[in-house]
Amino acid sequence: MESGAGFLTRRMTIARYLVFCAILPSLMGSGWCGGCCILPDVPPCATEPDDTWYAAPPGTLANGLALLSPGRVYLVTAESTGEAQALLESSPAVPLDAATATRLVGQAATVAENTPYLVRALAREGDTPTAAAFDVRFYNGMLYVGYPTLGRCDLDVPTQRLPLVIFLPTAPKSVYIEIAAAPL
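Residue numbers (the numbering used here): 3 to 186.
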């Protein structure tokens, strides 16, 4: 096990890198990173959350998918969460019509030439994330929805189900949902 200044320097470098890759593109509103942010070799957490919505991608698959711009991702309102969870009972992603998508997110939600999909997402219980907090990636029918969190690798912390409405150019063939915890 590493110790001392080298250990601390490595962990701080990883933390800065994750913040740069996960948060800066969302703040810029452009998604300019386009999948360029490949995570360094960080030891994963030892356990997975105890939630049937959790579906980790194989290996580093998420790194090869294109980051979606935040304008394609909407958080379902608290008032509509129960209805959305019922729709997602048997499938991780469900196509919606424009009127239903708008009602679920509580605002006009459209993206030209894209279909709205209601999609499962997980976050830590007690967190109050916005839609931009999620790492949403899509390529060739593969959809990844991650919730990045730093310094909390204790996956015994309960999860909360937060459905999203995501606008996609084609239907997702496979959907991966995870909480991406990077220990510090």
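Just so you know, even glycine gets a beta-carbon here, dropped at the ideal spot from N, CA and C.
Using 10 angstroms around the beta-carbon of residue i, count the other beta-carbons present and answer buried if the total reaches 16, otherwise exposed.
i, result
"GLY31", "In this prediction, GLY31 scores a pLDDT of 42, lower than 50, which makes its location untrustworthy; the coordinate-derived value is nonetheless stated afterwards. Classification of GLY31: exposed, given that the 10 Å Cβ count is below 16."
"PRO51", "buried"
"GLY148", "buried"
"PRO174", "buried"
"PRO72", "buried"
"THR151", "buried"
"ALA110", "exposed"
"ALA123", "buried"
"ALA133", "buried"
"ALA101", "exposed"
Kindly identify the DSSP beta-bridge partner or partners of residue i.
i, result
"SER176", "MET144"
"ALA68", "PHE140"
"PRO150", "ALA182"
"ARG163", "LEU124"
"LEU170", "THR117"
"ALA58", "Paired residue(s): none; ALA58 is not in a bridge."
"LEU77", "LEU166"
Could you round the C-beta distance between residue i and residue j to whole angstroms and report it? I think they count as a contact, below 8 Å.
i, j, result
"ARG139", "LEU69", "5 Å"
"VAL78", "PHE136", "Actually they are not in contact, since the Cβ atoms of VAL78 and PHE136 sit about 12 Å apart, beyond 8 Å."
"LEU67", "THR117", "Not confirmed; about 18 Å, so no contact."
"VAL167", "VAL113", "Their Cβ separation, rounded to whole angstroms, is 10 Å, which puts VAL167 and VAL113 out of contact at 8 Å."
Subject >> Uninterrupted beta strand (DSSP E) stretches inside the stretch 79-137 (no shorter than 3 residues) >> reply: Fully enclosed beta strand (DSSP E) runs of 3 or longer: 95-97, 117-121, 124-126.
**OP:** Could you say if the stretch 159-167 and the stretch 70-87 meet the contact criterion of at least three C-beta pairs nearer than 8 Å?
**Re:** Yes, since at least three Cβ pairs between the stretch 159-167 and the stretch 70-87 fall closer than 8 Å, the two stretches touch.
Original post:
Below 8 Å, can you find three or more Cβ-Cβ pairs linking the stretch 70-82 to the stretch 92-99?
Top reply: no
Original post:
Would you call the stretch 56-64 and the stretch 164-181 in contact, with 3 or more CB pairs under 8 Å?
Top reply: yes
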